[in-house]
Each structure stands twice: as C-alpha cells, then as structure tokens.
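Mind the numbering: the sequence shown is residues 41 to 186 in the numbering used here, read in order.
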Amino acid sequence: MWITTSWDDGHRLDLRLADLLDRYHLKGTFYLFREGMENRLSDAEIRGLSTRHEIGAHTLTHPDLTQIDLPSARAEIAGSRAWLRDLTGDPITAFAYPYGTYNQLIIESVAELGFTCARTVNDYTIHPPKSPYIMPTTVQVTAFPF
C-alpha cells in the first residue's frame, strides 16, 4: 500500500502546501498547466518545487480533453510534458486529467505519449484501480464550503 498526495493547477499558494509537506517529511505530486490562470507559479518557482516534490503534467491550457478533437488533446498532453521536462530537467511521468474527465482514447493517448500513470478525481474503492491510467482520488480537499 502507498499513500500519495496530489495538488492540481499550480496556484502560488501551492508553495505553502509544499512547505507543510516538507515540514512533516511527506511528498506530493503537483500537477501543473501552463496558461490561463491568475497567480500561477512562476517558472523559477516550478523549478524550485521540482527539487522537493514530483511535478506532473496537467495539459497546457487545462481544457476538458473529452470536449476537444483528439489531435488537439494529444498536443495539450504532449506539450505539457515537454514544457515541464524542459523547465525542470526531470522526466515527467505522471498526468492528471483536467476536470477529471477522460475516455478510452484519452487514456490511450496518455499512455502512448510516455506517461506511466494518470490521476482522476474518481473516488477510491476497496479494490485497486484496474489501470495505472485511472488512479482514483480518495480524499478531495476543496476551498469551497459547499
């Protein structure tokens, strides 16, 4: 059994989360996308974060991959991996589906493009996932009080 923490999108407040994880000797995966969010981590902050925690890809612009054509989806997936690999110098092996949405073609694309696993927002059940490309989320933490 393993425990992992994951954090999506790359808001600058994620640095506070990283500090808390460090304080308690825990590791996390921070899934980042490149464009379209205010207060996102700078390139320098991403490089610094990558020395302490795993960085995962989360597309370039955070589209719902099931709502765009497959070539565009593949470009988003591959582009995010290349951007983060070039930025950090690290292999980028983990992916998180924006909005948690995926279908079989998206799963196959993620695998074909070199990722070893992908995280969803599905709830975890007592049984392990059937595929490393549909890793569930057990506990979801949100800032919204509803």
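Positions of the beta carbon are idealized from the N, C-alpha and C atoms, including for glycine.
Selection from the options that minimises the alpha carbon distance to residue i
i    : options                 : result
T141 : S112, N162, R56 and L81 : N162
I174 : P103, A113 and A136     : A136
I146 : R114, T69 and Y64       : R114
T69  : C157, S171 and G76      : C157
Sequence-distant residues of its chain with Cβ nearer than 8 Å to residue i (five each side left out)
i    : result
T128 : I86, R87, S90 and I95
G154 : R121 and T133
Cβ-based neighbour list, residue i, same chain, cut-off 6 Å, excluding 5 preceding and 5 following
i    : result
L60  : none
A118 : L153
W123 : R74
Local conformation of residue i per DSSP, three classes
i    : result
I95  : strand
L72  : strand
S171 : coil
P176 : strand
D83  : helix
T160 : strand
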